[in-house]
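Structure, as structure tokens:
2 protein chains.
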Amino acid sequence: MAQVTRKPVRIPEGGAVREVLDRIGDKWSLLVIGTLREGPLRFGELKDAVAGISQRMLTLTLGHLVEDGLISRTAYAEVPPRVEYELTELGRTLLPMVISLAEWAMAHREEINANRTSRIRNEEDRPDER
Amino acid sequence: MAQVTRKPVRIPEGGAVREVLDRIGDKWSLLVIGTLREGPLRFGELKDAVAGISQRMLTLTLGHLVEDGLISRTAYAEVPPRVEYELTELGRTLLPMVISLAEWAMAHREEINANRTSRIRNEEDRPDER
DNA sequence: CCGTATCCTGTGGGATACTG
DNA sequence: CAGTATCCCACAGGATACGG
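Same order as they appear, the protein sequences are chains A and B.
22 is the number of the first residue of the first sequence in the numbering used here; add one for each residue after it.
22 is the number of the first residue of the second sequence in the numbering used here; add one for each residue after it.
The following block contains the structure:
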């Protein structure tokens, strides 16, 4: 997702979709939201739960989501600092889709992989058909 | 979405979600899929319907989606070439989520924008609080 | 009309090191 | 523990021109 830098893009009305996709359609947002479905989590817990995410990206992603009002951030002034992130009302309205998407992903992963590798094999089998 | 270049990323099991998100979570895939909800469309029609997409990206996106078996491509050997794209069975199973997502986007766009701009204003009001 | 081939830039995002 | 600060570059993706 590059060069979205607020182009003119008049976009009749489906623009709203683009706009929101530019927000939650990045590499980690949906994953983070889905991870918070059970309840609040600390920074470190999220880091562990969302496998593969870097500290930097978790910070940034959380920042955006808090900014957009999808999750809330609560910092407890304790000795080892503790910060908890939790879905807001708004964030929770997004949850059903995230969960559906995740389930769809799990259910059809194999099929998609099969499709694409079979197609690749077909192309490789005919070295020069152009 | 950069450097997804098939990292090792062991990811316990939510990896399936990452994998699928890497496919349909790009800038245009969901938009294209949503646009095909009514039925088959020609290349040019898609280009017009998906506001803002470049010819190149439409070609690439369609290519991936066909590869993954989410949409089908039918070329008619006519004088001005005609090519139609249509959701496959698999692709249609994804439609409910895409539509929900789009509706959610339209419904909450304002709210999200309000959240973020109010926050930005707060920061700007205090020019030097660092 | 439907692409494909190039070229080129912006930026997403990882790695690493440092603070309160 | 929970970030911030830098550095850095692979690559998404726009613009443009050409081809069947």
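From the three backbone atoms N, C-alpha and C, an ideal C-beta is built for every residue, glycine too.
Model, not experiment: these values are computed from the prediction.
Q) DSSP beta-bridge partners for Thr114(A)? A) Locating residue 114(A) in the first sequence gives position 93, counting from the first residue. According to DSSP, which records beta bridges pairwise, Thr114(A) is partnered with nothing at all.
Q: Give the straight-line distance between the Cα atoms of Ala135(B) and Met118(A), rounded to the nearest whole angstrom.
A: Within the second sequence, numbered from 1, the residue matching residue 135(B) stands at position 114. Within the first sequence, numbered from 1, the residue matching residue 118(A) stands at position 97. When rounded, the distance between both Cα atoms is 22 Å.
Q. Using a Cβ-Cβ distance under 7 Å, would Ile83(B) count as near chain A?
A. Taking the first residue of the second sequence as 1, we reach residue 83(B) at position 62. Note on residue identity: the sequence assigns Leu, not Ile, to residue 83(B). Not an interface residue.
(Q) Suppose you measure from the CA of Arg151(B) to the CA of Val87(A); what does that come to, to the nearest Å? (A) Against the second sequence, residue 151(B) aligns to sequence position 130. Against the first sequence, residue 87(A) aligns to sequence position 66. Only weak support is given to the placement of Arg151(B): the predicted model assigns it a pLDDT of 38, under 50, and the value that follows is read from those uncertain coordinates. Distance between the alpha carbons of Arg151(B) and Val87(A) is about 20 Å.
Q: Would you kindly work out how many angstroms separate the C-alpha atoms of Glu110(A) and Val41(A), rounded to a whole number?
A: Here the question's residue 110(A) lines up with position 89 in the first sequence. Here the question's residue 41(A) lines up with position 20 in the first sequence. If I take the Cα positions, the gap works out to 17 Å.
Q: Would you verify that the beta carbon of Gly60(A) is, or is not, closer than 7 Å to some beta carbon of chain B?
A: To locate residue 60(A), count along the first sequence from 1; it is residue 39. So, not an interface residue.
Q) Got a sec? Which residues, its chain only, sit under 6 Å from Ala96(A) by beta carbon, not counting five neighbours each side? A) The sequence position of residue 96(A) within the first sequence is 75, counting from 1. Val104, listed in sequence order.
Q) CA-CA distance, Gly46(B) and Pro102(B)? A) Translated into positions along the second sequence, residue 46(B) becomes position 25. Translated into positions along the second sequence, residue 102(B) becomes position 81. Going from the Cα of Gly46(B) to the Cα of Pro102(B) covers about 30 Å.
Q) Is it buried or exposed for Leu81(B), if we count other Cβ within 10 angstroms and need 16 for buried? A) By one-based count along the second sequence, residue 81(B) stands at place 60. Exposed, by the Cβ-count rule.
(Q) Starting from Val71(B), trace the beta strand (DSSP E) in both directions and tell me its first and last residue. (A) For this step, residue 71(B) is matched to residue 50 along the second sequence. Unbroken run through Val71(B): none, as it is neither H nor E.
Q) Quick one: does Glu88(A) have its CB under 7 Å from some CB of chain B? A) Indexing the first sequence from 1 puts residue 88(A) at position 67. For Glu88(A), the answer is yes, since a Cβ of chain B falls inside 7 Å of its Cβ.
Q | Nonlocal neighbours in the same chain, by C-beta distance under 6 Å from Gly112(A), ignoring five residues either side | A | Counting from one through the first sequence, the residue named residue 112(A) turns up at place 91. Leu91, Ile92.
Q: With a threshold of 16 other CB atoms inside 10 Å of the CB of Arg39(A), please say whether the residue is buried or exposed.
A: Position 18 of the first sequence, counted from the start, is the residue given in the question as residue 39(A). Result: buried.
Q: Rounded to whole angstroms, what's the CA-CA distance from Ala126(B) to Glu99(A)? Just pull it up for me.
A: Locating residue 126(B) in the second sequence gives position 105, counting from the first residue. Locating residue 99(A) in the first sequence gives position 78, counting from the first residue. Answer to the nearest angstrom: the Cα atoms are 38 Å apart.
Q. Closest by CA to Trp49(B), which one among Arg63(B), Gly60(B), Ile74(B)?
A. Here residue 49(B) corresponds to residue number 28 of the second sequence, with the count starting at 1. Taking only the C-alpha atoms, the option nearest Trp49(B) is Ile74(B).
Q. Identify the residues that DSSP records as bridge partners of Ala96(B): which are they?
A. Along the second sequence, one-based indexing puts residue 96(B) at 75. BP columns for Ala96(B) point to Val104(B).
Q. When Cβ atoms are compared, which residues of the segment 122-143 of chain A fall closer than 7 Å to chain B?
A. Leu122, Ala123, Trp125, Ala126, Met127, His129, Arg130, Glu132, Ile133, Asn136, Arg137, Arg140
(Q) Below 8 Å on the Cβ atoms is my contact criterion, and I expect Leu57(B) with Leu122(B) to pass it. Report the Cβ-Cβ distance as a whole number of Å. (A) Counting from one through the second sequence, the residue named residue 57(B) turns up at place 36. Counting from one through the second sequence, the residue named residue 122(B) turns up at place 101. The Cβ separation is near 15 Å, so there is no contact.
Q: Identify the continuous alpha helix (DSSP H) that holds Asp43(A) and give its terminal residues.
A: Stepping through the first sequence from its first residue, residue 43(A) is reached at position 22. It spans 36-45 - the alpha helix (DSSP H) in which Asp43(A) sits, taken as one unbroken run.
Q. Is the distance from the Cβ of Asp89(A) to the Cβ of Arg137(B) below 7 Å?
A. In the first sequence, counting from the first residue as 1, residue 89(A) sits at position 68. In the second sequence, counting from the first residue as 1, residue 137(B) sits at position 116. Taking 7 Å as the Cβ cut-off, Asp89(A) and Arg137(B) qualify as a contacting pair.
**Q.** For Ser50(A), the first and last residue of its enclosing alpha helix (DSSP H)
**A.** By one-based count along the first sequence, residue 50(A) stands at place 29. Segment 50-56, the alpha helix (DSSP H) holding Ser50(A).
Q) So which residues of chain A does Arg44(B) contact, with C-beta pairs closer than 8 Å? A) As a working note, residue 44(B) is residue 23 in the second sequence. Per Cβ cutoff of 8 Å: Ile133.
Q) What is the DSSP secondary structure of Leu83(B), counted as helix, strand or coil? A) Within the second sequence, the letter at position 62 stands for residue 83(B). Of the three classes helix, strand and coil, the one that applies to Leu83(B) here is helix, per DSSP.
**Q.** Residues near Ala70(B) in its chain [Cβ-Cβ closer than 8 Å; skip 5 each side]
**A.** The residue given as residue 70(B) occupies position 49 in the second sequence. Here the set comprises Thr56, Leu62.
Q) Can you pull the DSSP bridge partners for Arg63(A)? A) Here the question's residue 63(A) lines up with position 42 in the first sequence. Note: Arg63(A) sits in a beta bridge opposite Glu105(A).
Q.
Let me make sure I understand the geometry here. Which of Ile133(A), Leu116(A), Leu51(A), Glu132(A) has the alpha-carbon closest to that of Leu83(A)?
A. Translated into positions along the first sequence, residue 83(A) becomes position 62. Among Ile133(A), Leu116(A), Leu51(A), Glu132(A), the Cα nearest to that of Leu83(A) belongs to Leu51(A).
Q. Is the Cβ of Ala98(B) closer than 7 Å to any Cβ of chain A?
A. Translated into positions along the second sequence, residue 98(B) becomes position 77. Chain A, which has no Cβ nearer than 7 Å to the Cβ of Ala98(B), makes this no.
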